[in-house]
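Asks: Chains as they are written, first to last, in the working numbering: chain A, 14 to 392; chain B, 9 to 582. Note that beta-carbon positions come from the ideal geometry of N, C-alpha and C, so glycine has one too. All values reported here derive from a predicted model rather than from experimental measurement. Handing you a structure now.
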């Protein structure tokens with residue numbers, strides 16, 4: 014059965030960042046250079062081809078873009094300047110939009126104005142909401158105690174509610190990802206037992222990003238890992254240790270040492286990434302999509318205001334701390350509500366999932382191939 | 009014969025000969041043969057010291073015949089003939105024994121190979137004793153040239169010849185100059201206008217005082233030989249009636265071009281049935297008119313270009329038509345500029361982007377977002393009408409090799425890159441000027457690398473796409489090369505004719521005319537008055553067909569007399 018080609022898709026992907034894919038003439042240097050490209054996942058050339066021809070269904074079921082960490086070797090080696098690394102990056106954006114059932118993600122990727130507007134609106138609503146709530150039940154000069162402007166217990170409830178919403182959205186999108194890439198694949202059927210047997214892959218890839226470590230240059234992996242671990246540390250602190258964090262004005266070292274370390278990690282790595290994107294000295298940072306900037310800007314604002322928050326509170330400046338806190342939340346809420354399920358943040362979920370699915374599928378394909386030739390199954 | 013002194017020179021050719029053949033053993037064996045005065049071996053006989061050695065021996069020993077046992081005479085016979093000439097001997101007193109190509113290179117048993125080499129050398133020794141002194145002759149060269157075909161090649165050759173002051177008769181079958189280039193809009197890879205280029209050429213040709221442009225004219229008959237052809241050309245008189253005129257020319261250039269492949273022969277493409285499947289020349293017409301539309305007058309959204317239509321397949325032509333790939337890229341550019349929103353797909357087998365500026369052009373075609381789809385030779389794409397719900401007129405099914413997928417490509421307009429074919433009249437033309445054609449009907453050059461514009465008939469040259477598919481620069485280069493070859497000869501005013509040719513002994517000739525029909529070079533004429541045949545020595549290639557066939561034994565080939573050949577056989581058997 015012939016697959017219908019859609020020459021228009023390439024035009025859509027241009028907005029996602031794939032500007033040069035039509036230059037590719039399929040010499041295969043990129044796939045040969047890539048340290049991850051290995052049977053049965055030979056990339057990025059194959060994805061480039063599907064994109065050139067506009068084979069949407071095939072691209073939608075493609076896990077390969079997620080197997081790429083964008084070290085940029087392929088783009089350096091490309092004789093046609095077709096930017097295979099950037100193409101994979103763009104495909105990840107496109108896939109993120111595809112997995113998202115709400116259509117919000119697609120809107121953000123296609124229009125930076127829409128994303129900026131959404132961020133501003135959510136920020137304003139959050140700011141207004143927290144101010145109204147604060148004035149309705151507390152005193153702006155009080156940061157802690159019974160009269161607190163924004164009591165930790167309320168924020169805790171708010172955080173958990175927000176987390177539940179985010180998780181629901183993200184999990185739905187992850188389920189769609191599974192359906193596109195594994196579930197509806199009629200050629201490869203992954204048994205349930207395999208999912209269970211290999212579940213360890215998810216946390217392994219999530220916490221170590223060990224595949225990234227196999228790229229020729231180790232620095233990007235280290236920076237990326239620090240950023241991710243700092244973020245996760247902060248998330249754990251806020252979700253489970255908000256009350257001790259809130260205490261003060263004395264420094265509670267058992268908690269704050271983690272908080273300060275994570276904030277430092279976030280600030281340093283975000284600044285490094287911003288600098289790289291501005292300098293464009295490395296191939297993987299030469300093409301920045303608007304969503305990349307949004308991601309970094311929100312992150313640096315959140316981390317910076319978090320640190321200011323900590324300092325003001327220790328200094329006993331209640332009013333300033335409360336105002337700063339509202340600003341902090343005006344960055345946190347849009348970052349979490351918009352970026353996590355709909356934009357760049359979502360790759361924290363999609364990438365380990367893709368590695369996990371890819372491994373399951375590969376195992377199944379190999380076993381099928383062995384069966385076909387009558388070879389003994391691997392132990 | 010008693011006083012003959014023969015020198016035998018055996019070449020080692022480095023180790024080419026010496027590693028298999030024992031050259032010193034040959035010296036020993038030939039020294040026993042009659043008249044052999046001196047026999048030597050040398051590392052490289054064709055080198056200057058080698059030739060000096062031969063020359064010194066001729067002078068010192070008063071040699072009057074020389075045998076060189078070395079490589080093929082095709083390689084070095086001219087070299088050693090010159091050596092003899094320098095030493096004051098008639099160059100035809102040389103005989104070569106080929107102990108390399110026919111011995112050391114093809115045998116590995118040294119004993120048997122040496123024996124064979126000795127036999128070949130002995131044959132040469134016995135033969136050379138009967139060689140006669142021959143003289144090369146020269147005839148006058150008529151400076152006029154007939155050019156058949158007024159396309160870009162014919163006009164280019166005509167201008168060079170005419171600028172040098174020679175008369176050119178430019179015979180063109182149709183009613184205008186320009187040939188197939190006149191059907192094109194722009195040219196690859198620089199997107200220059202074909203029309204501008206042609207207009208300049210045509211104007212110069214028409215206005216040139218030394219060029220007679222003969223439109224609607226056909227060459228009917230060619231008599232004579234190099235330097236002295238009489239050509240009969242049928243043209244139109246002022247009242248439109250056909251009229252024959254005779255032109256004397258010294259050289260002829262055939263620039264008859266090509267015709268395009270008939271696309272309806274490939275049924276998969278539906279040419280002639282699907283209205284929006286057009287040939288490249290039909291698209292050129294649209295581009296020249298400045299409007300690219302479907303038959304229904306709509307602006308096409310999807311334009312597909314299919315390469316190798318009639319070329320590079322088992323069914324039609326195995327050869328590559330050379331110009332279609334770059335012409336297809338040109339269409340990608342032209343269509344995109346005529347219809348800015350159009351999606352152009354280019355369905356090809358291999359992208360042949362050789363030649364100056366072409367790889368860059370290919371790259372630029374990718375940059376303007378042409379979608380390249382690759383198919384396998386002989387696995388033709390199939391075009392069908394799309395369904396009413398589709399946003400396109402046709403669908404092309406392609407087994408796309410770069411993805412390994414079978415895909416359906418939408419198309420509103422399909423352009424078939426029809427290949428080049430030899431013209432229907434190529435056989436007639438070949439017969440007229442006595443040149444040969446290859447299996448595809450293209451005219452054959454004298455040597456594919458070293459003599460690409462001459463033919464086996466002296467004085468007849470070929471240029472442009474009548475020799476093989478060719479683009480404009482190559483056609484022009486070949487045409488101007490042919491002009492240069494002719495000018496080199498007209499500058500001397502005389503033509504040297506090889507001393508080796510067949511001769512008819514009129515006393516013995518019975519006038520049976522068997523040889524007339526047999527001669528592949530049309531070199532034998534029958535004199536109806538004398539009722540005897542005679543050989544036009546300038547046309548004769550000394551192939552020997554007439555010599556062998558003559559029932560009266562009246563024909564002798566100079567340098568290949570019975571005596572010479574029989575003694576050669578004796579030498580081999582001795």
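Keeping to the same chain, check which residues put their C-beta closer than 6 Å to that of residue 459 of chain A; ignore five residues upstream and five downstream.
Replies: The requested residue 459 of chain A is not part of the displayed model; chain A covers only 14 to 392.
Asks: If you draw a straight line from the alpha carbon of residue 119 of chain B to that of residue 151 of chain B, how long is it in whole angstroms?
Replies: Taking the first residue of the second chain as position 1, residue 119 of chain B is located at position 111. Taking the first residue of the second chain as position 1, residue 151 of chain B is located at position 143. Looking at the two C-alpha atoms, the distance is approximately 57 Å.
Asks: Quick check: the Cα distance between residue 305 of chain A and residue 283 of chain A, rounded to an integer number of angstroms?
Replies: On the first chain, residue 305 of chain A is found 292 positions in, with the first residue counted as 1. On the first chain, residue 283 of chain A is found 270 positions in, with the first residue counted as 1. Looking at the two C-alpha atoms, the distance is approximately 11 Å.
Asks: Under three-state DSSP, which class holds residue 49 of chain B?
Replies: Walking along the second chain from the start, residue 49 of chain B turns up at place 41. Residue state, collapsed to three classes: strand.
Asks: Using a threshold of 8 Å, state whether the C-beta atoms of residue 374 of chain B and residue 38 of chain A are closer than that.
Replies: Position 366 of the second chain holds residue 374 of chain B. Position 25 of the first chain holds residue 38 of chain A. Going by C-beta atoms, residue 374 of chain B is nearer than 8 Å to residue 38 of chain A.
Asks: How many angstroms separate the CA atom of residue 229 of chain A from the CA atom of residue 82 of chain A?
Replies: Position 216 of the first chain, counting from 1, holds the residue named residue 229 of chain A. Position 69 of the first chain, counting from 1, holds the residue named residue 82 of chain A. The alpha-carbon atoms of residue 229 of chain A and residue 82 of chain A are separated by roughly 11 Å.
Asks: Okay, do the segment 108 to 116 of chain A and the segment 178 to 189 of chain A touch, 3+ Cβ pairs below 8 Å being the bar?
Replies: Contact between the segment 108 to 116 of chain A and the segment 178 to 189 of chain A is present, because at least three Cβ pairs lie under 8 Å.
Asks: Cβ closer than 9 Å: which chain A residues qualify as neighbours of residue 432 of chain B?
Replies: As a first step, residue 432 of chain B is located in the second chain; it is residue number 424 there, counting from the start. Those within 9 Å of residue 432 of chain B in chain A number zero; the least Cβ separation is about 38 Å.
Asks: Do residue 359 of chain B and residue 370 of chain B have their C-beta atoms closer together than 8 Å?
Replies: Mapped onto the second chain, residue 359 of chain B falls at position 351. Mapped onto the second chain, residue 370 of chain B falls at position 362. Cβ atoms of residue 359 of chain B and residue 370 of chain B: closer than 8 Å.
Asks: Of all the options B:334, B:433, B:42 and B:37, which has the alpha carbon lying nearest to the alpha carbon of residue 227 of chain B?
Replies: For this step, residue 227 of chain B is matched to residue 219 along the second chain. Taking only the C-alpha atoms, the option nearest residue 227 of chain B is B:433.
Asks: When we look at the beta-carbon of residue 198 of chain B and count the other beta-carbons within 10 Å, is it buried (16 or more) or exposed?
Replies: Position 190 of the second chain, counted from the first residue, corresponds to residue 198 of chain B. By the 10 Å Cβ count, residue 198 of chain B comes out exposed.
Asks: Is the distance from the Cβ of residue 562 of chain B to the Cβ of residue 512 of chain B below 8 Å?
Replies: One-based indexing of the second chain puts residue 562 of chain B at position 554. One-based indexing of the second chain puts residue 512 of chain B at position 504. Yes, Cβ-Cβ distance for residue 562 of chain B and residue 512 of chain B is below 8 Å.
Asks: Report the three-state DSSP secondary structure of residue 448 of chain B (helix, strand or coil).
Replies: Here residue 448 of chain B corresponds to residue number 440 of the second chain, with the count starting at 1. DSSP places residue 448 of chain B in coil when its eight states are reduced to three.
Asks: May I ask you to list the residues that DSSP assigns as paired with residue 253 of chain B?
Replies: By 1-based counting over the second chain, the position of residue 253 of chain B is 245. B:241.
Asks: Between the Cα of residue 466 of chain B and the Cα atoms of B:481, B:446, B:441 and B:457, which residue gives the shortest distance?
Replies: To locate residue 466 of chain B, count along the second chain from 1; it is residue 458. Checking every option, the nearest Cα to that of residue 466 of chain B belongs to B:441.
Asks: When the Cα of residue 278 of chain B is compared with those of B:340, B:314 and B:18, which residue comes out closest?
Replies: Numbered from its first residue, the second chain carries residue 278 of chain B at position 270. Of the listed residues, the one whose Cα sits closest to residue 278 of chain B is B:314.
Asks: Which residue or residues does DSSP assign as beta-bridge partners of residue 279 of chain A?
Replies: Within the first chain, numbered from 1, the residue matching residue 279 of chain A stands at position 266. Residue 279 of chain A is not bridged to any residue.
Asks: Where does residue 82 of chain A fall in DSSP's three states?
Replies: As a working mapping, residue 82 of chain A is identified with position 69 in the first chain. Residue 82 of chain A: coil per DSSP, three-state reduction.
Asks: Please work out which residues of its chain come closer than 8 Å, Cβ to Cβ, to residue 414 of chain B, disregarding the five sequence neighbours upstream and downstream, and give them in chain order.
Replies: Locating residue 414 of chain B in the second chain gives position 406, counting from the first residue. 405, 406, 407 and 408, listed in sequence order.
Asks: Relative to the C-alpha of residue 198 of chain A, which candidate in A:76, A:47 and A:25 has its C-alpha closest?
Replies: The residue labelled residue 198 of chain A in the question sits at position 185 within the first chain. With distances taken between Cα atoms, residue 198 of chain A lies closest to A:76.
Asks: Mind checking residue 205 of chain A: buried by the 16 CB within 10 Å criterion, or exposed?
Replies: On the first chain, residue 205 of chain A is found 192 positions in, with the first residue counted as 1. Residue 205 of chain A is exposed by the Cβ-count criterion.
Asks: Tell me the residue span of the alpha helix (DSSP H) that contains residue 381 of chain A.
Replies: Along the first chain, read from residue 1 onward, the residue named residue 381 of chain A stands at position 368. Element bounds for residue 381 of chain A: 360 to 386.
Asks: Check for me: the alpha helix (DSSP H) holding residue 169 of chain A runs from which residue to which?
Replies: Within the first chain, numbered from 1, the residue matching residue 169 of chain A stands at position 156. Residue 169 of chain A -> alpha helix (DSSP H) spans 165 to 191.
Asks: So which residues of chain A does residue 415 of chain B contact, with C-beta pairs closer than 9 Å?
Replies: Stepping through the second chain from its first residue, residue 415 of chain B is reached at position 407. Chain A residues near residue 415 of chain B: 15, 16, 17, 18, 66 and 68.
Asks: Sort B:397, B:485, B:443 and B:540 by Cα distance to residue 529 of chain B and report the nearest one.
Replies: The residue labelled residue 529 of chain B in the question sits at position 521 within the second chain. Among B:397, B:485, B:443 and B:540, the Cα nearest to that of residue 529 of chain B belongs to B:443.
Asks: Determine the extent of the beta strand (DSSP E) in which residue 148 of chain B is found, giving its start and end residues.
Replies: On the second chain, position 140 is the one that residue 148 of chain B refers to. Note, residue 148 of chain B: beta strand (DSSP E), 145 to 148.
Asks: Taking only three categories from DSSP, how would you classify residue 94 of chain A?
Replies: Translated into positions along the first chain, residue 94 of chain A becomes position 81. It is coil, neither helix nor strand.
Asks: Would residue 338 of chain B pass as an interface residue toward chain A - the criterion being a Cβ-Cβ separation below 8 Å?
Replies: The residue given as residue 338 of chain B occupies position 330 in the second chain. No - not a single Cβ of chain A is within 8 Å of the one on residue 338 of chain B.
Asks: So, are the CB atoms of residue 329 of chain A and residue 262 of chain A less than 8 Å apart?
Replies: Counting from 1 along the first chain, the entry for residue 329 of chain A is found at position 316. Counting from 1 along the first chain, the entry for residue 262 of chain A is found at position 249. In this structure, residue 262 of chain A lies closer than 8 Å to residue 329 of chain A by Cβ.
Asks: Taking all protein chains shown into account, do 16 or more other C-beta atoms lie within 10 angstroms of the C-beta of residue 266 of chain A, making it buried, or fewer, making it exposed?
Replies: For the purposes of this step, residue 266 of chain A is taken as residue 253 along the first chain, with counting starting at 1. Exposed: under 16 other Cβ atoms inside 10 Å.
Asks: Using the Cα positions of residue 179 of chain B and residue 454 of chain B, report the straight-line distance between them to the nearest angstrom.
Replies: Against the second chain, residue 179 of chain B aligns to sequence position 171. Against the second chain, residue 454 of chain B aligns to sequence position 446. Spanning the two alpha carbons is a distance of roughly 23 Å.
Asks: List, in order along the chain, the chain B residues whose C-beta lies closer than 9 Å to that of residue 35 of chain A?
Replies: Here the question's residue 35 of chain A lines up with position 22 in the first chain. Within chain B, the residues near residue 35 of chain A are 374, 375, 376, 377, 378, 379 and 380.
Asks: Identify the continuous beta strand (DSSP E) that holds residue 228 of chain B and give its terminal residues.
Replies: Within the second chain, residue 228 of chain B is the residue found at index 220, counting from 1. Run containing residue 228 of chain B: 226 to 233, per the beta strand (DSSP E) assignment.
Asks: Using beta carbons (cut-off 8 Å, strictly below), is residue 23 of chain A in contact with chain B?
Replies: As a first step, residue 23 of chain A is located in the first chain; it is residue number 10 there, counting from the start. For residue 23 of chain A, the answer is yes, since a Cβ of chain B falls inside 8 Å of its Cβ.
Asks: Would you kindly check if the distance between the Cβ of residue 68 of chain A and the Cβ of residue 18 of chain A is under 8 Å?
Replies: If you number the first chain from 1, residue 18 of chain A lands on position 5. If you number the first chain from 1, residue 68 of chain A lands on position 55. Yes, they are a contact pair.
Asks: Please compile the residues from chain A whose C-beta is within a distance smaller than 7 Å of the C-beta of residue 384 of chain B.
Replies: In the second chain, residue 384 of chain B corresponds to position 376, counting from 1. By Cβ distance, chain A contributes nothing, its closest Cβ being about 15 Å from residue 384 of chain B, past 7 Å.
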